[in-house]
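Numbering (the working numbering), first residue to last: 42 to 730. Ideal placement from N, C-alpha and C gives every residue a C-beta, glycine not left out. Here the structure comes first, spelled out in structure tokens, and everything after it is commentary.
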Ligand code: ADP
Ligand code: SF4
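Set out below in structure tokens:
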């Protein structure tokens, strides 16, 4: 059972008037569902309760309509009408003895109020600071506004109690919550008793916590989430000031929830941040306060977690992403099943659900946010259907997840892989700069499959149509992946672009196979996710003189959604890569390319020895097409179904592939649902008048 080294993680701990059953603390995290998908979000939290988390929080909950962050979809607690939806969530959180927490957010200088059309209110008048540079400014709160705001917090706290929560987290971190806006000299330039000295800047949070404690503090624990450093130098709420603030207000909240810095710091991707990256910033704070502390750091290792508690650095282990990748992490530690933990890879795909206002996905856990929509449970599969066996062709993330989910359903599974190792694109990409943690996608599945008697993996087994028909598996799952195109077809060019003979073109596959061009190299990025930037870094590290050309206004544009873009650009600059934005490439010659401005079409010549083409990928679907063409022979061969999944079907990020593999496994032998919607959803209730 449990390793005694981890006993400390299971000690109960009080947070004000309530007690958490253990030290596993799911800090608030977004999920892209929020108020639009309340039951999906509630069920997701409920699964975490089942997985053993001692504390489970909502995402940020907008506590008053005068401050909201449309277009981003979070929760809302604007009136009593919102209570039932939140009660459903708190009830699910408490099913296994966990504490239910709600994070109350008043976004102040961060909320443009695009939906409510209210004039934003903030400590000082200035432009709204969000991702979208909205042309909106906030008005400074006057004394009567501050009184109103204090009352609104009390109203929200009472509603939170009504909704069944045990804990309230007041949001003052990541630049997003009004408590930070008051505490920081950057956003609080007031000259009254709420501005100036730290004592004055801390007045508002003291007042609100006092008010809330008076109203609900006898039964609810009140936590305060602040960032360990605003990361804008001395003008901001620096680590030194955070320490002064905590020392001056030792007993203010029932627990200090210490986030890292900006959201980009706090949710730092593995490409740029190690596990426990905030340790320096949090060390020693414990001695300044009598109250418990929770901190984050993409913790996936129970040894690191236990060390954090044993050394007195933290009292609770805060997890957002690790709890998404494996909602059963605490339970697995408790049951001594450390090797079964599905570790977060730090890709930040989950965050894109929030940033794109869609619904979140997790690369490692394809059931995330599908717990209610599709009835998918991260640890339990549906029972086996009528057929008995499956041949999975290809062992990339799609094939491996399909095999892992299928064998849990009870099918006999054979995986055929052409190469000498399993893992497909993942093992190749994990060797690129900064992406080694991505290898966990394969490591986890490889180990799990090795523990199962009903799975066989055949390496160096490139299958063709004849061999598949000869084998006679009942079900064939084609997961043969995709290859990068060399002809430039992507977004700028929808047909192959003009490439002169003698031009040296390399694809990402060539580089991952070890053929790395030297000299003056142009990386043309019309893919816009991580690959172009990563390869530019690889080439520069290898000594090439690299220019990255992209039609986008940002290098690795889509990584704005994974919070990485802000770190990628400086990393490339530091590596000596020249970045050319807003330009495409119209012609490639042996010693130069012709580049066009995306706005004016004016051209410019760039000398080069080689071009790395990061355009799009072509699905490897010949095997599937070959089998389809011979459908008449399937019955004689004993084949009932042939399906194509993952990149072979339509190339996408790794999370798309694990999702496709999982879905294939769930739906095998399932009922034909015809034209019905393949997931549940909620729609807005119509008003009676
Ligand atoms: P996905 O992301 O969809 O899982 P990948 O490209 O990562 O796709 O993986 C596809 C895997 O399929 C690769 O490891 C490749 O070697 C393997 N593969 C491709 N064609 C065949 C084939 N005909 N027989 C066996 N394995 C194949
Ligand atoms: Fe971790 Fe990536 Fe899953 Fe997010 S999507 S929880 S970063 S593995």
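According to the Cβ coordinates, are residue 302 and residue 344 closer than 7 Å?
-> No.
Could you check what DSSP says for residue 595 in three-state terms: helix, strand or coil?
-> coil
Between which two residues does the beta strand (DSSP E) carrying residue 637 extend?
-> 633–638
Should residue 403 be flagged as near chain D, meaning a C-beta pair shorter than 7 Å?
-> No chain D is present in this structure, which holds just one protein chain.
Extent of the continuous alpha helix (DSSP H) run through residue 573 | 571–582 is the span of the alpha helix (DSSP H), which, as asked, contains residue 573.
Is it buried or exposed for residue 536, if we count other Cβ within 10 angstroms and need 16 for buried?
-> Residue burial annotation: residue 536 is exposed, with fewer than 16 other C-beta atoms found within 10 angstroms of its C-beta.
Buried or exposed by the 16-neighbour rule on C-beta atoms within 10 Å, applied to residue 71 = That one is buried.
Can you tell which of 411, 581, 338 has the C-alpha that lies nearest to the C-alpha of residue 360?
-> 338
Measuring CA to CA, which of 99, 133, 132 is closest to residue 118?
-> Nearest of 99, 133, 132 to residue 118, Cα basis: 99.
Residue 605 vs residue 310 beta-carbon contact at 7 Å = yes
Three-state secondary structure (DSSP) at residue 292?
-> coil
Coarse secondary structure for residue 191, derived from DSSP in three states = The DSSP-derived three-state label of residue 191 is helix.
Euclidean distance between Cα positions of residue 249 and residue 308 | Roughly 28 Å separates the two Cα atoms.
For the 8 Å Cβ check, are there 3 or more pairs between the segment 252–272 and the segment 188–207?
-> yes
Specify the secondary structure class of residue 705 as computed by DSSP and reduced to three states.
-> Here residue 705 sits in helix by DSSP.
Are the beta-carbon atoms belonging to residue 687 and residue 410 less than 7 Å from one another?
-> no
Residue 414 to residue 723 span [Cα, whole Å] | 9 Å
In whole angstroms, what separates the C-alpha of residue 721 from that of residue 347?
-> 40 Å
What is the rounded straight-line gap between the Cα of residue 85 and the Cα of residue 412?
-> CA-to-CA, the gap between residue 85 and residue 412 works out to about 6 Å.
Touch check for the segment 56–68 and the segment 86–98: three-plus C-beta pairs under 8 Å?
-> yes
Can you tell me which of the three DSSP states residue 531 falls into?
-> coil
Is the beta carbon of residue 382 less than 7 Å from the beta carbon of residue 395?
-> no
Smallest Cα separation from residue 731: which of 264, 263, 219?
-> Residue numbering for the chain in the displayed model covers 42 to 730; residue 731 lies beyond these limits and cannot be assessed.
Where residue 239 sits in the DSSP three-state scheme | helix
Where does the unbroken alpha helix (DSSP H) through residue 245 begin, and where does it stop?
-> Per DSSP, residue 245 belongs to the alpha helix (DSSP H) from 244–257.
Residue 730, buried or exposed, once every other Cβ within 10 Å from all chains shown has been counted against 16 = exposed
Mind checking which residues open and close the alpha helix (DSSP H) that includes residue 619?
-> Segment 619–621 is the beta strand (DSSP E) holding residue 619; no alpha helix (DSSP H) there.
Run the proximity test for residue 466: is its beta-carbon closer than 6 Å to any non-hydrogen atom belonging to the ligand ADP?
-> yes
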